[in-house]
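Peer 1: Read in order, the letters of the sequence shown are residues 12 to 167 in our numbering.
From the three backbone atoms N, C-alpha and C, an ideal C-beta is built for every residue, glycine too.
If you're wondering where the values come from, they're calculated on a predicted model, not measured in any experiment.
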Amino acid sequence: MSDRSEFTCTGVWSRERVESFLRETTVPLRLSCHTPAGRLWMLSLWYRYRDGRLWCATAADADVVEYLRADEEVAFEISTNDPPYRGVRGNGVAHVRSDGGKELLASLLERYLGGTESSLGDQLLDDNREEVRIEIEPRRAFSWDFSERMADAVDD
């Protein structure tokens, strides 16, 4: 049996193309969840796609950790910031886990900044900062790609 999460993919891309986009694209993931008071909350997080799941990292004392522990249902979007617009949005469940060794955080610094050697890296990897992983298990994903419809509206 595969360790890959099986989620429904609809939209313009095949599942393989969706997974390729998620692996290769290095824009932040936009995550939406509910607060314990039932209000909507959205934030952006660095992510990595692996084994059918989206993996994010944040400080253990971040508000979103409390929110996800109260309600694990989430929605997400990963889309390009520049035309032609394309991306993947969906929903699923999020699980908060310890990242005591900060391996995920270090890998995200490598992915987004090219390394851990920076003042931001020093701050985030500080021994006194407790880190958690947010594991998002997608249930449904929808892809879109406006490349054709925007072809004459953007410069190459």
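Measuring straight from C-alpha to C-alpha, what distance separates Asp110 and Ser158?
Peer 2: Each residue's Cα considered, the two are about 38 Å apart.
Peer 1: Would you please state the rounded distance, in angstroms, between the beta carbons of Arg144 and Trp66? I believe it to be under 8 Å.
Peer 2: Yes, they are in contact, since the Cβ atoms of Arg144 and Trp66 sit about 6 Å apart, within 8 Å.
Peer 1: Taking just the CA atoms, how far does Phe153 sit from Glu146?
Peer 2: Using only the alpha carbons, I get a separation of about 19 Å.
Peer 1: Does the separation of the CB atoms of Tyr123 and Trp57 fall below 7 Å?
Peer 2: Their beta carbons are under 7 Å apart, which means Tyr123 touches Trp57 by this criterion.
Peer 1: Looking at the strands, I want to know which residues DSSP matches up with Ala105.
Peer 2: Ala105 pairs with Ile147.
Peer 1: Any idea what DSSP makes of Leu131, helix, strand or coil?
Peer 2: Residue state, collapsed to three classes: helix.
Peer 1: Within 8 Å, do at least three Cβ pairs link the stretch 119 to 138 to the stretch 89 to 102?
Peer 2: Not touching, per the Cβ criterion.
Peer 1: Using 10 angstroms around the beta-carbon of Val75, count the other beta-carbons present and answer buried if the total reaches 16, otherwise exposed.
Peer 2: It counts as buried.
Peer 1: Thinking C-alpha only, which one of Ala48, Asn92, Phe87 is nearest Asn102?
Peer 2: When each option's Cα is compared against that of Asn102, the closest is Phe87.
Peer 1: Tell me the rounded alpha-carbon separation between Asp72 and Pro47.
Peer 2: Roughly 15 Å between the two C-alpha positions.
Peer 1: Classify Phe153 as helix, strand or coil using the three-state DSSP reduction.
Peer 2: Three-state DSSP puts Phe153 in a strand.
Peer 1: Could you tell me which of Arg61, Leu42, Arg64 sits nearest to Ser55, measuring between CA atoms?
Peer 2: Comparing Cα-Cα distances from Ser55 to each of Arg61, Leu42, Arg64, the minimum goes to Leu42.
Peer 1: Can you name, in chain order, every residue of its own chain whose Cβ lies under 6 Å from the Cβ of His106, other than the five neighbours on each side?
Peer 2: Taken in chain order, the residues that qualify are Glu146.
Peer 1: Just reading off the beta strand (DSSP E) that Glu27 is part of, what are its end residues?
Peer 2: From DSSP, Glu27 is part of no beta strand (DSSP E) but of the alpha helix (DSSP H) over 26 to 35.
Peer 1: Terminal residues of the continuous beta strand (DSSP E) containing Arg59?
Peer 2: Unbroken beta strand (DSSP E) run through Arg59: 58 to 61.
Peer 1: Is it buried or exposed for Thr21, if we count other Cβ within 10 angstroms and need 16 for buried?
Peer 2: That one is exposed.
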